[in-house]
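For the sequence shown, the working numbering gives the first residue as 42, with consecutive numbering after it. Note that beta-carbon positions come from the ideal geometry of N, C-alpha and C, so glycine has one too. Every value quoted in this text rests on a predicted model; they were computed, and no experiment measured them.
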Amino acid sequence: MPAAKNGIKKHGAPKSKGSVRAKSGCYTCRIRRKKCDEDRDEHGNCKSCVRLKLQCLGFGPKRPEWLKEQHTKLRADIKNFLAGNGMIKGHASTNNRDTNPDQILLLRQEDDPMSSSESPDSRNVDLPIAGGEYSRNTSAMRDEPWTGTYVDAAYTTEDALELQLRHESPYDDGQPYDIMHYPNSLPGWSASVRSNIAPSYNLLFTMPDEDPYDSTMPFYPTSSMLPGGSADELVNHYLNVVVAMQFQLADKIRLPEVIYNAVEGDCYRNAARLLAFIHQRREAVPSVPALQDSTPRRQYDDLKLALSRGSSYTEDEAMASLTVISSFLFDGGKGEWQWWLEVAFKYARTILNRYMSPRAALMSCTEKERFLVKTAIWFDVLASVTTQNPPLFLEIIRELFAPDASGITELYESVPAELSMMTIMGCESRVVWALAETSFLAYWKQRQLDRGVLSVPSLYTRSQPIDICLSEPLQFPRNESQVDEARNRSSEIFRTSARVYLRAVVSGDHPGVADIAASVQDAFTVLGDMNRCCTAQVRTAVIRSTVFAFFVCGCLTDNAQHRHILRALLAGEGSVGNCSALVHLLDKVWSIRSRMSRQDPVPWRQILNDEKMLLV
Numbered sequence: 042m043p044a045a046k047n048g049i050k051k052h053g054a055p056k057s058k059g060s061v062r063a064k065s066g067c068y069t070c071r072i073r074r075k076k077c078d079e080d081r082d083e084h085g086n087c088k089s090c091v092r093l094k095l096q097c098l099g100f101g102p103k104r105p106e107w108l109k110e111q112h113t114k115l116r117a118d119i120k121n122f123l124a125g126n127g128m129i130k131g132h133a134s135t136n137n138r139d140t141n142p143d144q145i146l147l148l149r150q151e152d153d154p155m156s157s158s159e160s161p162d163s164r165n166v167d168l169p170i171a172g173g174e175y176s177r178n179t180s181a182m183r184d185e186p187w188t189g190t191y192v193d194a195a196y197t198t199e200d201a202l203e204l205q206l207r208h209e210s211p212y213d214d215g216q217p218y219d220i221m222h223y224p225n226s227l228p229g230w231s232a233s234v235r236s237n238i239a240p241s242y243n244l245l246f247t248m249p250d251e252d253p254y255d256s257t258m259p260f261y262p263t264s265s266m267l268p269g270g271s272a273d274e275l276v277n278h279y280l281n282v283v284v285a286m287q288f289q290l291a292d293k294i295r296l297p298e299v300i301y302n303a304v305e306g307d308c309y310r311n312a313a314r315l316l317a318f319i320h321q322r323r324e325a326v327p328s329v330p331a332l333q334d335s336t337p338r339r340q341y342d343d344l345k346l347a348l349s350r351g352s353s354y355t356e357d358e359a360m361a362s363l364t365v366i367s368s369f370l371f372d373g374g375k376g377e378w379q380w381w382l383e384v385a386f387k388y389a390r391t392i393l394n395r396y397m398s399p400r401a402a403l404m405s406c407t408e409k410e411r412f413l414v415k416t417a418i419w420f421d422v423l424a425s426v427t428t429q430n431p432p433l434f435l436e437i438i439r440e441l442f443a444p445d446a447s448g449i450t451e452l453y454e455s456v457p458a459e460l461s462m463m464t465i466m467g468c469e470s471r472v473v474w475a476l477a478e479t480s481f482l483a484y485w486k487q488r489q490l491d492r493g494v495l496s497v498p499s500l501y502t503r504s505q506p507i508d509i510c511l512s513e514p515l516q517f518p519r520n521e522s523q524v525d526e527a528r529n530r531s532s533e534i535f536r537t538s539a540r541v542y543l544r545a546v547v548s549g550d551h552p553g554v555a556d557i558a559a560s561v562q563d564a565f566t567v568l569g570d571m572n573r574c575c576t577a578q579v580r581t582a583v584i585r586s587t588v589f590a591f592f593v594c595g596c597l598t599d600n601a602q603h604r605h606i607l608r609a610l611l612a613g614e615g616s617v618g619n620c621s622a623l624v625h626l627l628d629k630v631w632s633i634r635s636r637m638s639r640q641d642p643v644p645w646r647q648i649l650n651d652e653k654m655l656l657v
């Protein structure tokens, strides 16, 4: 067999006919892996893009960082757009281009609100590492994942979203309309649902060595197939983009089947539409809460009214309640999330009550029920920091996760997957227990103070089992998968920040207390190690998943450099979610702190409670 030219061997399947490994031309054509015309119109757009009604992303020798982060999704959006307009052989057109001559595919907003942000750039932040050294590293990607948006001069986005949000309202008797149909020819849901999850979600778990735009890769339409074949744009956006952001550290094998089966329910589907609308609106108008708009507010009110009619709830309604909580989180973290958490709690109790014990319930219930219970537990534990009340699930958490009661004392790898919290939110079960017990200890201490009977030795004794539980760091391999790394890093950040929380409860909210300052430094060491060693995808997943840690450590440090680091990393995550709102809340705490005596405690818990912000 003759040697390959230049001694280079080619691997993999041959590229499909017509594929060009584009190395020049505009970025859009290079994403498509097609030859670029390179002849530009008067606006500087390549004529290939103009002819195909695609936004031209410009020219340059090297792809910008934001494009590297989003290329997989952009390529899928382009293919779906071209296929829908009959521009790909074998794909029938689903759009009437004659009636929409001005329709183009917008790949990136012209006025990127993050590009001109005055916030510190998290990509150039010095973070402390072991030994007191500092390292300058690339942090979480600054740009939000932009969705492919159809721009039509004759039909506004507001009109489209209004129709979609009203579709299948609890008070709408109209028949569901189909935007697109797909043949039910796939062998089974498990394969199809995994293929339809957002490219950014899959990218987190399997980072290819080669260019992910290799033409041999299968193309999956971004319009997701729903049971029965019907689809609408907001549900598509939820399934293709938002789910990956909503549950960044969840099990990538089990989650798709849970979500795609659950979205058959009317209530959950409407909640998914609401969340998708909020995500799109916050990307378009970052500074204004989406729920201030009348359109999503009507949908929200309809959902709440539908669930207010009874005292018991269905699985569909419980899944919807978790999604509405996520809607508040995507819109800044404030709102009536506590009401929806109680809905999820009541339904979770019906699941747990069917079995002899909480442990037996999680080992025996369905995948969807297990997901619902664990997610509700996680929301509840972090909500207790804000409400300053014991978690609703406290007794259940003690039975499931307390080291002296559950038997779970080893590393999480030895814990059955059915009982592990790592595969839901990236936090070891022992740390979940410690957080819940710390919130209860804070509640107990305040009750004792109010009655004038607090015993400091008793307080210290009660804190010791929690402190011991949090003292052992998680040992994890350095050659792990990216999703395992993201979970492990998140869990370590939760562990160290939970210790800050615990010691503040015991000693008071004084940053100058030696053991509080030492715990804060431990948390920053873990944070610095994450920032130095992890890829951008892992970093952004970790940062968005650990906002509790950022807030607690930020409130309990007077170190200006620590504050700068936290602010920069949070600001780098954009306006979708509660990272941006958390920056403003930290600024408020720091402003109040600057006018206080250093001998006074930081009133961070009172401020958090007043703001009603959920730290998830």
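Residue burial classification, residue 247 (beta-carbon count within 10 angstroms, cutoff 16)
With a pLDDT of 34 at residue 247, under the threshold of 50, the modelled position of that residue is not reliable, and the figure given next carries that caveat. Burial call: exposed.
With burial defined as no fewer than 16 other Cβ atoms inside 10 Å of the residue's Cβ, what is the status of residue 640: buried or exposed?
exposed
Relative to the alpha-carbon of residue 297, which residue among 308, 534, 314 and 279 has its alpha-carbon at the smallest distance?
279
Which word fits residue 119, buried or exposed, when buried means at least 16 other C-beta atoms lie within 10 angstroms of its C-beta?
buried
By the three-class DSSP mapping on this structure, what secondary structure does residue 310 have?
helix
Residues in its own chain within less than 6 Å of residue 418 by CB, not counting five upstream and five downstream?
434
Taking Cβ to Cβ, would you say residue 658 is nearer than 8 Å to residue 623?
Missing from the structure shown is residue 658; the chain here goes from 42 to 657 and no further.
Rounded to the nearest angstrom, what separates residue 653 and residue 275 at their Cα positions?
28 Å
As assigned by DSSP and simplified to three states, the class of residue 608:
helix
Helix, strand or coil, according to DSSP, for residue 495 in the structure here?
coil
Report the start-end ranges of each alpha helix (DSSP H) in the region 608-640 that is 4 residues or longer and not cut off at the edges.
620-635
Compute the beta-carbon to beta-carbon distance between residue 552 and residue 630, rounded to the nearest angstrom, for a pair I have assumed lies under 8 Å.
Not quite, the Cβ-Cβ distance comes to about 11 Å (not below 8 Å), so this is no contact.
Quick one: what does DSSP say residue 650 is sitting in, helix, strand or coil?
helix
So who's on the other strand from residue 81, going by DSSP bridges?
87
From the DSSP output, read off the bridge partner residues of residue 375.
654
Between which two residues does the beta strand (DSSP E) containing residue 557 stretch?
That residue, residue 557, is in no beta strand (DSSP E); its alpha helix (DSSP H) goes 555-574.
What first and last residue would you give for the alpha helix (DSSP H) that runs through residue 403?
399-405
Quick test of your reading: residue 465 and residue 427, contact by CB under 8 Å. State the CB separation rounded to the nearest angstrom.
At roughly 20 Å, the Cβ-Cβ gap does not stay under 8 Å, so residue 465 and residue 427 are not in contact.
Coil, strand or helix - residue 294 by DSSP:
coil
Quick one: using the 10 Å Cβ neighbour count with 16 as the cut-off for buried, is residue 85 buried or exposed?
exposed
Which whole runs of the alpha helix (DSSP H) in the region 473-528 are 4 residues long or more, in chain order?
497-512
Contacting residues, own chain, Cβ-Cβ under 8 Å from residue 494 (five flanking each side not counted):
none
Could you have a look at residue 460 and say whether DSSP puts it in helix, strand or coil?
coil
Please report how far the alpha carbon of residue 321 lies from the alpha carbon of residue 108, in whole angstroms.
19 Å
C-alpha gap between residue 80 and residue 89, whole angstroms
8 Å
Taking residue 125 as the reference, which of 356, 479, 113 and 145 has the closest Cα?
145
Going by CA-CA distance only, name the one from 557, 575, 328 and 609 that's closest to residue 541.
557
Reduced DSSP secondary structure (H/G/I, E/B, other) of residue 597
coil
Distance between residue 504 and residue 482 (C-alpha atoms, nearest Å)
8 Å
Local Cβ density within 10 Å of residue 572, reported as buried at 16 or more and exposed below that:
buried
Residue burial classification, residue 498 (beta-carbon count within 10 angstroms, cutoff 16):
exposed
Count the other C-beta atoms from every protein chain shown that fall within 10 angstroms of the C-beta of residue 329, then say buried if there are 16 or more, exposed otherwise.
exposed
Taking the alpha carbon of residue 76 as the point to measure from, which residue in 82, 83 and 66 has its own alpha carbon closest?
66
If I measure Cβ to Cβ from residue 617 and keep anything under 7 Å in the same chain, skipping five residues before and after, which residues do I get?
185, 320, 323, 324 and 371
Spatially closest choice to residue 577 from 598, 620, 526 and 593, by CA coordinates
526
Inter-residue spacing [alpha-carbon to alpha-carbon] between residue 242 and residue 463:
Because the pLDDT at residue 242 is just 38, under 50, the model does not fix this residue reliably, and the point stays unresolved.
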